[in-house]
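Asker: Sharing a structure below in structure tokens format, with a few things to ask.
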Amino acid sequence: MPDSSLQPTQTSSPKIAIIGGGLTGLFTATLLERAFSQINDKQNDNKSLLPQITIFEKSRSVGRLATRYRTDSHTNKNWQWAFGAQFFTAKSASFQQFIKPWLKTDLLQPWCAQVVNLIPINANNQTPDIQPKEQWSSIQARYISTPKMTSWGRALADELQHTTINFKTRVAPLAQYNQTLANKASRKTNKKTELFDEEGNSLGSFDWVICTAPNAQAVELMADRGFAEQTKITESQMQACYTLMLGWDDKQPLPEALSCQEMAWDVAYVQNSILDRIFIEHQKPAHNELLPSITIDARNDWSEQHVDADIDTVKAQLLVAAKQALGWNADSMPSQVDCHRWRYAATITNANKDELGVLVDNEKQWIVSGDWCGQGNIESCYQMATQAVARICAHSLISAD
Ligand SMILES: Cc1cc2nc3c(=O)[nH]c(=O)nc-3n(C[C@H](O)[C@H](O)[C@H](O)COP(=O)(O)OP(=O)(O)OC[C@H]3O[C@@H](n4cnc5c(N)ncnc54)[C@H](O)[C@@H]3O)c2cc1C
0 MPDSSLQPTQ
10 TSSPKIAIIG
20 GGLTGLFTAT
30 LLERAFSQIN
40 DKQNDNKSLL
50 PQITIFEKSR
60 SVGRLATRYR
70 TDSHTNKNWQ
80 WAFGAQFFTA
90 KSASFQQFIK
100 PWLKTDLLQP
110 WCAQVVNLIP
120 INANNQTPDI
130 QPKEQWSSIQ
140 ARYISTPKMT
150 SWGRALADEL
160 QHTTINFKTR
170 VAPLAQYNQT
180 LANKASRKTN
190 KKTELFDEEG
200 NSLGSFDWVI
210 CTAPNAQAVE
220 LMADRGFAEQ
230 TKITESQMQA
240 CYTLMLGWDD
250 KQPLPEALSC
260 QEMAWDVAYV
270 QNSILDRIFI
280 EHQKPAHNEL
290 LPSITIDARN
300 DWSEQHVDAD
310 IDTVKAQLLV
320 AAKQALGWNA
330 DSMPSQVDCH
340 RWRYAATITN
350 ANKDELGVLV
360 DNEKQWIVSG
370 DWCGQGNIES
380 CYQMATQAVA
390 RICAHSLISA
400 D
């Protein structure tokens with residue numbers, strides 16, 4: 000948050016572009032609005048300095064938070080799968096504080112899941128072997144957004160007051176020009192970046208550009224433009240993830256591993272498999288109206304090796320692995336099957352290496368951010384948003400002394 004002894008260096012409202020409407024983009028816009036509103040509250044000269052923020056998002060929705068649902072025509076009930084992020088942590092005090100308003104309205108809820116290790120059927124095992132691992136508690140909580148994982152992104156977007164979001168707009172690589180301000184007395188040269196879409200249409204000129212795309216896309220957006228931190232963009236590595244979505248009809252028997260009376264579970268870590276984790280969607284808080292729905296993440300290393308494979312072949316391989324993990328027969332096989340490829344899903348973190356943090360070019364007023372600048376999860380999106388906002392506020396303010 001800005002230092003109260005500082006005064007704005009600029010007299011007009013800063014125009015800020017954010018490339019990417021995922022959580023990093025949405026958190027950044029939220030925190031920018033709050034920071035500039037605090038600066039305004041502290042000024043007594045009635046000159047308001049509210050930022051004009053525009054988010055450009057190439058898809059129709061909010062980033063790697065994703066929910067797919069399908070309605071059963073017989074029962075009118077839904078299957079639903081959170082096929083991007085499943086849950087998030089809030090380890091830092093400031094992120095805990097940030098999420099409080101949505102916890103109060105139950106839009107965010109703790110997920111106290113029963114977690115198990117699961118060994119699929121193999122030469123020695125005729126049935127899946129399920130062993131307790133841990134229970135997620137409200138102390139070291141994992142949170143979900145309800146009724147869908149996308150609900151929080153939508154709520155964040157709806158609450159923005161000085162931000163326009165342009166969906167289905169893919170930003171082309173950056174270009175910059177110098178603008179001499181009309182005010183001849185000051186004769187100040189102002190750095191502006193003009194953004195274009197891929198058809199070459201201008202998207203406007205901005206004082207600051209914050210790129211929150213995954214790093215393989217960020218490297219292309221900033222390529223050959225003299226971005227001071229260009230080489231650091233490729234320091235982080237991201238891997239793919241395939242997700243398999245399975246659903247069962249209301250009256251259908253569930254597979255053995257899901258109907259296991261002795262060991263009820265919500266999340267399974269799968270051992271000796273190309274699968275990584277299994278999530279039971281219809282047992283999450285505020286999800287009990289759903290038809291039986293399961294989301295399965297494949298292992299990131301396996302997904303990366305198969306990232307360019309034919310999706311139907313991948314789906315078939317994942318189904319074989321899922322059958323071994325859940326143990327279904329002809330009666331209890333899923334009636335709904337879907338598969339999604341995330342080309343950039345997970346950041347490989349190295350415990351011995353410091354986080355990159357946001358990459359800033361103060362000269363050009365460009366910031367490269369995103370979960371991959373941190374630990375590659377939702378909490379990192381928030382941390383990177385706070386870093387980006389602190390850098391812009393520091394640059395937009397001068398000491399009152
Ligand atoms: C399968 C899966 C499971 C996960 N599980 C978890 C989990 O359990 N817990 C957790 O904390 N995290 C999890 N994550 C990670 C979490 O989803 C991410 O950390 C978070 O969503 C990243 O947000 P972001 O805004 O940084 O990036 P993104 O959500 O990737 O947003 C970047 C946006 O930029 C847009 N974009 C890119 N290029 C352009 C362009 N040229 N013009 C306009 N827009 C552009 C993209 O369309 C995208 O929407 C998971 C991710 C996946 C894929």
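Using numbering that gives the first Met the number 0, you'd call the opening residue of the sequence shown number 0 and step up by one each time. Glycine included, every Cβ here is placed at the ideal spot set by N, Cα and C. Note that the structure is a prediction, hence the values are computed from the model and not measured.
1) Along the alpha helix (DSSP H) that carries I391, what are the first and last residues, could you check?
2) Using 8 angstroms as the threshold, is the stretch 219 to 229 in touch with the stretch 89 to 108, meaning 3 or more CB pairs across them?
3) Looking only at its own chain, which residues have a Cβ that is under 6 angstroms from the Cβ of G19, when we skip the five neighbours before and after it?
4) Under the rule that 16 or more other beta-carbon atoms within 10 Å means buried, what is E198, buried or exposed?
5) Assign G203 to one of three DSSP states: helix, strand, or coil.
6) Within the same chain, show all residues whose beta-carbon is closer than 8 angstroms to that of T348, passing over the 5 residues directly before and after it, in chain order.
7) Can you check whether the CB of L289 is closer than 9 angstroms to the CB of Q79?
8) For H73, is the classification buried or exposed, using 16 other Cβ atoms within 10 angstroms of its Cβ as the cut-off for buried?
9) I think T145 touches L102, with their Cβ atoms under 8 angstroms apart; what is that distance to the nearest whole Å?
10) In the stretch 87 to 115, which residue ranges form an unbroken beta strand (DSSP E) of at least 3 residues, counting only runs that do not cross its ends?
11) Indicate, with yes or no, if ligand 1 has a heavy atom lying under 8 angstroms from the CB of F97.
12) Would you mind stating whether T242 and I279 have Cβ atoms separated by less than 9 angstroms?
13) Is it right to say N214 is buried, meaning 16 or more other beta carbons lie within 10 angstroms of its own, or is it exposed?
14) Would you tell me roughly how many angstroms separate the C-alpha atoms of T53 and D206, rounded to the nearest one?
15) Kindly indicate which three-state DSSP category S12 falls into: helix, strand or coil?
16) Using DSSP's beta-bridge definition, name the partner residues of P131.
17) Per DSSP, which residues does A345 bridge with? Please list them.
18) Using 10 angstroms around the beta-carbon of S398, count the other beta-carbons present and answer buried if the total reaches 16, otherwise exposed.
19) Which of helix, strand or coil does DSSP assign to S368?
20) From what residue to what residue does the beta strand (DSSP E) around Q166 run?
21) What three-state label does DSSP hand V319 in the structure shown?
22) Going by the DSSP bridge assignment, what does G246 pair with across the sheet?
23) Measuring straight from C-alpha to C-alpha, what distance separates Q323 and P119?
24) State whether the stretch 113 to 128 contacts the stretch 256 to 270, with contact taken as three or more CB pairs (one from each stretch) at a distance under 8 angstroms.
25) My assumption, with CB atoms under 8 angstroms, is that I366 sits in contact with I209. Please give the rounded CB distance.
26) Distance, Cα to Cα, G152 vs I143?
27) Just curious, the alpha helix (DSSP H) that F26 is in, first and last residue?
28) Name, in chain order, the residues that DSSP records as bridge partners for I18.
29) Between I138, P109 and T29, which has its C-alpha nearest A384's C-alpha?
30) Nearest by alpha-carbon distance to Q382: which of K352, A92 and N299 is it?
31) Using a 10 Å radius around the Cβ and a threshold of 16 neighbouring Cβ atoms, would you call D275 buried or exposed?
32) Quick one: give me the first and last residue of the beta strand (DSSP E) that L358 is part of.
33) Leaving out five residues on either side along the sequence, give the residues of the same chain with a beta carbon under 7 angstroms from the beta carbon of A405.
Answerer: Straight from the coordinates:
1) The sequence position of residue 391 within the sequence shown is 392, counting from 1. From DSSP, the alpha helix (DSSP H) with I391 extends over I377 to S395.
2) no
3) The residue given as residue 19 occupies position 20 in the sequence shown. If we look at G19 and ignore the five residues flanking it on each side, its Cβ neighbours are T211 and A212.
4) To locate residue 198, count along the sequence shown from 1; it is residue 199. E198 is exposed by the Cβ-count criterion.
5) Taking the first residue of the sequence shown as 1, we reach residue 203 at position 204. Secondary structure at G203: strand, using DSSP grouped into helix, strand and coil.
6) Numbered from 1 along the sequence shown, position 349 holds the residue referred to as residue 348. Within the same chain, and ignoring the five residues on either side of T348 in sequence, the residues whose Cβ sits closer than 8 angstroms to its Cβ are Q374 and G375.
7) Reading the sequence shown from its first residue, position 80 is the one you call residue 79. Reading the sequence shown from its first residue, position 290 is the one you call residue 289. Contact: yes.
8) The residue given as residue 73 occupies position 74 in the sequence shown. With fewer than 16 other Cβ atoms within 10 Å, it is exposed.
9) Against the sequence shown, residue 145 aligns to sequence position 146. Against the sequence shown, residue 102 aligns to sequence position 103. No, T145 and L102 are not in contact; Cβ-Cβ is about 11 angstroms, not under 8 angstroms.
10) 107 to 109
11) Indexing the sequence shown from 1 puts residue 97 at position 98. Not under cutoff, so the answer is no.
12) For this step, residue 242 is matched to residue 243 along the sequence shown. For this step, residue 279 is matched to residue 280 along the sequence shown. Cβ distance not < 9 angstroms, so T242 and I279 don't count as in contact.
13) Residue mapping note: residue 214 aligns to position 215 of the sequence shown, counting from 1. Per the 10 Å Cβ criterion, buried.
14) Mapped onto the sequence shown, residue 53 falls at position 54. Mapped onto the sequence shown, residue 206 falls at position 207. Distance between the alpha carbons of T53 and D206: 12 angstroms.
15) Along the sequence shown, one-based indexing puts residue 12 at 13. Note: S12 maps to coil in three-state DSSP.
16) On the sequence shown, residue 131 is found 132 positions in, with the first residue counted as 1. According to DSSP, P131 bridges with V115.
17) By one-based count along the sequence shown, residue 345 stands at place 346. Beta-bridge pairing links A345 to Q238.
18) Here the question's residue 398 lines up with position 399 in the sequence shown. Note that S398 has pLDDT 34, beneath the 50 cutoff, so the model's placement of it is unreliable and no number is given.
19) To locate residue 368, count along the sequence shown from 1; it is residue 369. If DSSP states are grouped into helix, strand and coil, S368 belongs with coil.
20) Here residue 166 refers to the residue found at position 167 of the sequence shown. The amino acid at residue 166 is misidentified as Gln; the sequence shows Phe. Taken as a continuous stretch (DSSP letters only), F166 belongs to no beta strand (DSSP E), as it is neither H nor E.
21) Position 320 of the sequence shown, counted from the first residue, corresponds to residue 319. The answer is helix: DSSP assigns V319 an H, G or I state.
22) Stepping through the sequence shown from its first residue, residue 246 is reached at position 247. For G246, which the question treats as bridged, DSSP gives the partners S292 and Q335.
23) Sequence index remark: in the sequence shown, residue 323 carries index 324 (1-based). Sequence index remark: in the sequence shown, residue 119 carries index 120 (1-based). Taking the straight line joining both Cα atoms gives about 5 angstroms.
24) yes
25) In the sequence shown, residue 366 corresponds to position 367, counting from 1. In the sequence shown, residue 209 corresponds to position 210, counting from 1. That belief holds up - the Cβ atoms of I366 and I209 are roughly 5 angstroms apart, short of 8 angstroms.
26) Residue numbering aside, residue 152 sits at position 153 when the sequence shown is read from its first letter. Residue numbering aside, residue 143 sits at position 144 when the sequence shown is read from its first letter. C-alpha separation (whole angstroms): 12 angstroms.
27) Position 27 of the sequence shown, counting from 1, holds the residue named residue 26. Element bounds for F26: L22 to K41.
28) Taking the sequence shown and counting its residues from 1, the one referred to as residue 18 is at position 19. DSSP, once it has assigned bridges, lists F55 and C210 as partnering I18.
29) Locating residue 384 in the sequence shown gives position 385, where the first residue counts as 1. Taking only the C-alpha atoms, the option nearest A384 is T29.
30) Reading the sequence shown from its first residue, position 383 is the one you call residue 382. It is A92 whose Cα lies nearest to the Cα of Q382.
31) Here residue 275 is taken as the residue at index 276 of the sequence shown, counted from 1. Label assigned to D275: buried.
32) The sequence position of residue 358 within the sequence shown is 359, counting from 1. L358 -> beta strand (DSSP E) spans L358 to D360.
33) Only positions 0 to 400 of the chain appear in the structure, and residue 405 is not among them; the question remains open.
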